[in-house]
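Student:
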């Protein structure tokens with residue numbers, strides 16, 4: 010039977026297994042910390058154990074650089090549109106959330122960490138739906154001379170990307186982008202609108218970026234300097 014944890018030094022790390030259609034074994038260190046072990050179907054236990062033993066030194070080196078998990082208690086800071094707000098938690102019959110009086114106020118049916126995380130996810134998605142729709146509409150109006158049509162909008166939680174688009178005319182934005190300020194949201198929206206006209210990073214693509222958002226390079230540097238931290 011495969012182990013449920015991996016001990017590295019004095020740290021005991023939970024081990025989460027995923028069996029996939031793949032040829033090789035992979036190990037990912039996630040905030041918590043948690044190790045995610047991705048296995049090909051039918052992989053022998055002895056092979057998995059040897060692989061885990063071979064990766065202990067890598068895990069030990071990687072642990073200090075792992076992002077600290079978000080704090081989910083009263084007063085913990087959480088970003089909304091580029092501003093950090095302390096959490097205010099209130100027990101209620103249903104989930105809700107708003108920014109008011111300099112705080113991020115959440116109502117939720119219980120105050121355990123699982124429900125706080127769920128309340129935060131719901132708040133961020135609701136806020137993102139409204140803000141992203143507003144910014145997409147704003148830029149479509151401003152760029153009405155471009156043949157954009159009426160782009161659709163989807164929201165997803167993504168680990169490494171702020172946005173994407175499809176040839177069918179749909180823009181997908183990372184829900185977590187709502188944590189950043191409006192100028193950076195606009196950058197990603199404009200970037201994806203430009204890709205609807207030019208699906209690569211050609212000279213024409215950058216010419217479109219220059220036309221729509223002349224300071225996009227400075228905004229890109231600001232966006233890149235604030236990499237995604239731990240999710241809730």
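Numbering (our numbering), first residue to last: 10 to 241. Using N, Cα and C, we set each Cβ at its ideal position, and we do this for glycine too. If you're wondering where the values come from, they're calculated on a predicted model, not measured in any experiment.
Please return the same chain residues whose Cβ sits closer than 7 Å to the Cβ of residue 26, not counting the five positions on each side in sequence.
Tutor: 11, 46, 48, listed in sequence order.
Student: Spatial neighbours of residue 112 within its chain, please: CB distance less than 6 Å, with the 5 preceding and 5 following residues excluded, ordered by chain position.
Tutor: If we look at residue 112 and ignore the five residues flanking it on each side, its Cβ neighbours are 94, 95, 97.
Student: Would you mind reading off the limits of the beta strand (DSSP E) that contains residue 174?
Tutor: Unbroken beta strand (DSSP E) run through residue 174: 172-174.
Student: Need the endpoints of the beta strand (DSSP E) that residue 35 sits in, please.
Tutor: 35-39 is the span of the beta strand (DSSP E), which, as asked, contains residue 35.
Student: Can you check the segment 60-106 for any beta strand (DSSP E) of at least 3 residues that lies completely inside it and give the ranges in chain order?
Tutor: Counting whole runs of 3 or more residues, the segment 60-106 contains the beta strand (DSSP E) stretches 86-89, 92-100.
Student: Going by DSSP in three states, residue 161 sits in which element: helix, strand or coil?
Tutor: In the structure shown, residue 161 sits in a strand (DSSP, three-state: E or B).
Student: I think residue 118 touches residue 101, with their Cβ atoms under 8 Å apart; what is that distance to the nearest whole Å?
Tutor: Sure, about 7 Å apart at Cβ, within 8 Å.
Student: Could you tell me whether the Cβ atoms of residue 128 and residue 115 are closer together than 7 Å?
Tutor: Going by C-beta atoms, residue 128 is nearer than 7 Å to residue 115.
Student: Nearest to residue 74 by alpha carbon, out of 99, 86, 39, 29?
Tutor: Minimum Cα distance to residue 74 is reached at 39.
Student: Using DSSP bridges, identify the partner residues of residue 180.
Tutor: Note: residue 180 sits in a beta bridge opposite 162, 174.
Student: How about residue 180 and residue 157: are their beta carbons less than 7 Å apart?
Tutor: Contact flag unset, no.
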